[in-house]
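Please read the structure below before turning to the comments.
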Amino acid sequence: MKPGCCFLLFALLLGRSAGAAAPIRLGLFMSMSGRDASFGQASATGARLAVDEINAAGGVLGRPLELVIEDNRSLAGESATAVKKLIARDHVAALIGECVSARTLEAAPVAQTAGIPLVTPASTNPRVTAAGDCIFRMCFIDPFQGEVLATYAYRRLGLHRAALLVDNAAPYAVGLSEAFVRTYTALGGVIVARQQYTGGERDFRAQLTTIKAAQADFLFMPAYWAEAGLAARQARQLGFTAPFLGGDAYEAPQFLAIGGPALEGTYYSTHYSPENTAPLVQGFVSRYRSKYGSVPNGLSALSYDSVRLLAEAIARAGTTERAALRAALAATRDFASVTGRTTFDSHRDAVKEAAIMTVREGRIVFVESVRP
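Going by the working numbering, the sequence shown runs without a break in its numbering and finishes at 694.
Here is the structure:
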């Protein structure tokens, strides 16, 4: 090729590059390695799918999205460092992360000081959004599940006598139980027994004997899956046949393995179910399966929704300027997402549907999506 031709080709490429719209960068900080790598990896797949779909449709404000990922390695203190890099080095327009509340709490003050919006897909601790007006969450908070389950038990299942079995040292359990009791008794429900245990305990028979004698219609046990599964087995051995109710901490493949047939009739709330027949959910599940060859879990769905929410807010704001984007996010009402119609309340917490699941014939089955 002649020198003049080379110069012409270079000039054309330079002109094309200069004329291309600069991407809008979104920073994702997650545990991509270490103990909680599965959380970050599931979140990243959902976020990447959303970015790909938005770009295929023309991007946002005529610009493509670019996802920049920082790995906090599941280590304390690393999320704040990751967020500082994403802001100072990568000049991201907004942040997405973390799934673990403790790590989001590390990063939130950094984002707030910079005035940059941060959307956490799955950090449920109420203190997360208290960090400031730049912090939002796509998931519902822990007490919300207590309200949902109390309303569902009383109104939908017709269960009017409740017993509680609670780990009083666990913030998750306490938050759910307090919200549950407040809502349930306001509806007219009666708490016939309250029992406590210590986290990690494996013998619940003394508490369950008291609960059985109280003739409760059901047992509300806002525990993690291992404790709930074990307690269900012991309850059946004692002749207590009423159903268990709990929150999203029941959701694990090992839950059924531990509890077995004793869990039949259990109900719990969670953020999303791939069995939901809503077109928006099934379309997402189909596209995710086509891209990754697997069924998306709740973290993938929440992160997918977080990217779409940010894109929609940028479009409404008409700019990536931080204050304008923060205001657009705060004004979100009835955003159509895979994990449920989402509105932000005055605390920037998501008000949305919860998915109700039940154990039926040895399988975990989606029942319906509900609000309190």
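For every residue, glycine included, the Cβ atom is placed at its ideal position computed from N, Cα and C.
**Member of V382, R558 and R425 whose CA lies at the smallest distance from the CA of S401** = Of the candidates V382, R558 and R425, the one whose C-alpha sits nearest the C-alpha of S401 is R425.
**Asked** Can you tell me the Cα-Cα spacing of T654 and K534, whole angstroms?
**Response** Spanning the two alpha carbons is a distance of roughly 46 Å.
**Closest residue to V441 among A677, G581 and R630 (Cα-Cα distance)** = The residue among A677, G581 and R630 with its C-alpha nearest the C-alpha of V441 is R630.
**Request:** Leaving aside the five residues before and after I376 along the sequence, list all residues of the same chain whose C-beta is less than 6 Å from its C-beta, in chain order.
**Result:** Beyond the five residues adjoining it in sequence on each side, I376 comes within less than 6 Å, by CB distance, of L387 and A633 in the same chain, given in chain order.
**Prompt:** Can P670 and I457 be called in contact, C-beta distance under 8 Å?
**Reply:** First, the amino acid is wrong: residue 670 is Arg here, not Pro. Contact flag set, yes.
**Prompt:** By a C-beta neighbour count over all protein chains shown, 10 Å radius and 16 as the cutoff for buried, is H413 buried or exposed?
**Reply:** It is exposed - the Cβ of H413 has fewer than 16 other Cβ atoms within 10 Å.
**Request:** Output the distance between the C-alpha atoms of P431 and I409, rounded to the nearest integer angstrom.
**Result:** Taking the straight line joining both Cα atoms gives about 13 Å.
**Item:** Spatial distance of F606 from D525 (CA atoms)
**Value:** So the alpha carbons of these two residues sit roughly 42 Å apart.
**Request:** Mind reading off the beta-carbon distance from P448 to A501? Whole number of angstroms is fine, and I expect it under 8 Å.
**Result:** Approximately 10 Å separates the beta-carbon atoms of P448 and A501; this is outside 8 Å, ruling out the contact.
**Request:** Measure the Cβ-Cβ separation of A584 and A554 and say whether it is below 8 Å.
**Result:** A distance below 8 Å separates the beta carbons of A584 and A554.
**Endpoints, the beta strand (DSSP E) within which V687 is located** = Run containing V687: R685 to V692, per the beta strand (DSSP E) assignment.
**Request:** Could you spell out where the beta strand (DSSP E) holding D393 opens and where it closes?
**Result:** If you look at D393, you'll find it in the beta strand (DSSP E) that goes L387 to D393.
**Asked** Bridge partners of Q517, per DSSP?
**Response** Q517 is bridged to L487.
**Asked** Taking DSSP as the reference, what is the three-state secondary structure of L621?
**Response** In the structure shown, L621 adopts helical secondary structure according to DSSP, grouped into three states.
**Asked** DSSP three-state call for T654: helix, strand or coil?
**Response** It is coil, neither helix nor strand.
**Message:** Helix, strand or coil, according to DSSP, for Y506 in the structure here?
**Reply:** In this structure, DSSP gives Y506 a helical state, which the three-state scheme calls helix.
**Prompt:** Nearest-angstrom Cα distance between R411 and G615?
**Reply:** Each residue's alpha carbon lies about 34 Å from the other.
**Asked** Helix, strand or coil: how does DSSP classify V432 here?
**Response** Note: V432 maps to helix in three-state DSSP.
**Item:** Supposed close pair V405, F351 - CB separation, criterion 8 Å
**Value:** Yes, V405 and F351 are in contact; Cβ-Cβ is about 6 Å, under 8 Å.
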